[in-house]
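Visitor:
Residue numbers (our numbering): 44 to 182.
#1: Hey, how far is the Cα of residue 102 from the Cα of residue 113?
#2: If we ignore side chains and look at the alpha-carbon of each, how far apart do residue 87 and residue 132 end up?
#3: Is the stretch 128 to 144 touching the stretch 54 to 61, taking contact as three or more C-beta pairs under 8 angstroms?
#4: Please name the residue in 146, 83, 89 whose C-alpha comes closest to that of residue 118.
#5: For residue 125, I'd like the list of residues in its chain whose CB is within less than 8 angstroms of its CB, leaving aside the five on either flank, ordered along the chain.
#6: Given this structure, state the Cα-to-Cα distance separating residue 172 from residue 152, to the nearest angstrom.
#7: So within the stretch 46 to 134, which uninterrupted beta strand (DSSP E) runs reach at least 3 residues, ignoring any that extend past its ends?
#8: Run the CB neighbour count on residue 107, radius 10 Å, all protein chains shown included, and call it buried at 16 or more, exposed below.
#9: Tell me whether the beta-carbon of residue 71 lies closer than 7 angstroms to the beta-carbon of residue 109.
#10: Quick one: what does DSSP say residue 165 is sitting in, helix, strand or coil?
#11: Residue 144 lies in the beta strand (DSSP E); which residues open and close that run?
#12: Spatial neighbours of residue 154 within its chain, please: C-beta separation below 6 angstroms, excluding the five flanking residues on both sides.
#13: Shorter than 6 angstroms, the distance from the beta carbon of residue 79 to the closest heavy atom of the ligand SAH, or not?
#14: What do you get for residue 80, buried or exposed, if any count of 16 or more other CB atoms within 10 angstroms of its CB means buried?
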């Protein structure tokens, strides 16, 4: 019986990870499709995004700061999930991956923490960092 429970828990984690990966990919598509209204639907009211030295606290502050990224016809950058991990409790997840310039060059890494919100997932924390060569530590 213990094996059945372990297998069920593992499947649940895998299902949750797939849901978060799909949510992150859909979140990224809002940039590619230039859909600012859809972008806002992925963000928790309590979210904190780190931008420079000061955190953006709350959904409205985040939307105000991110609006300029959606004004031009072409997206200034894109991102995609490369790693997704979910807590065993199934209520928080990490999504991380590359940030790419319009030519596809890696210019950074994003890290997003997703929080379960009913049957949905919302970004609760987000932080990007510049790309660096991990061998040298240089940007």
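Built from N, CA and C at the ideal position, the CB exists for glycine as well.
Guide: Walking through what the data contain:
#1: 16 angstroms
#2: 19 angstroms
#3: yes
#4: 146
#5: 139, 140, 141
#6: 5 angstroms
#7: 86 to 94, 97 to 100, 126 to 129
#8: exposed
#9: no
#10: strand
#11: Element bounds for residue 144: n/a, residue is neither H nor E.
#12: 139, 170
#13: Questions concerning the ligand SAH fall outside what the structure shown contains, since it holds no ligand whatsoever.
#14: exposed
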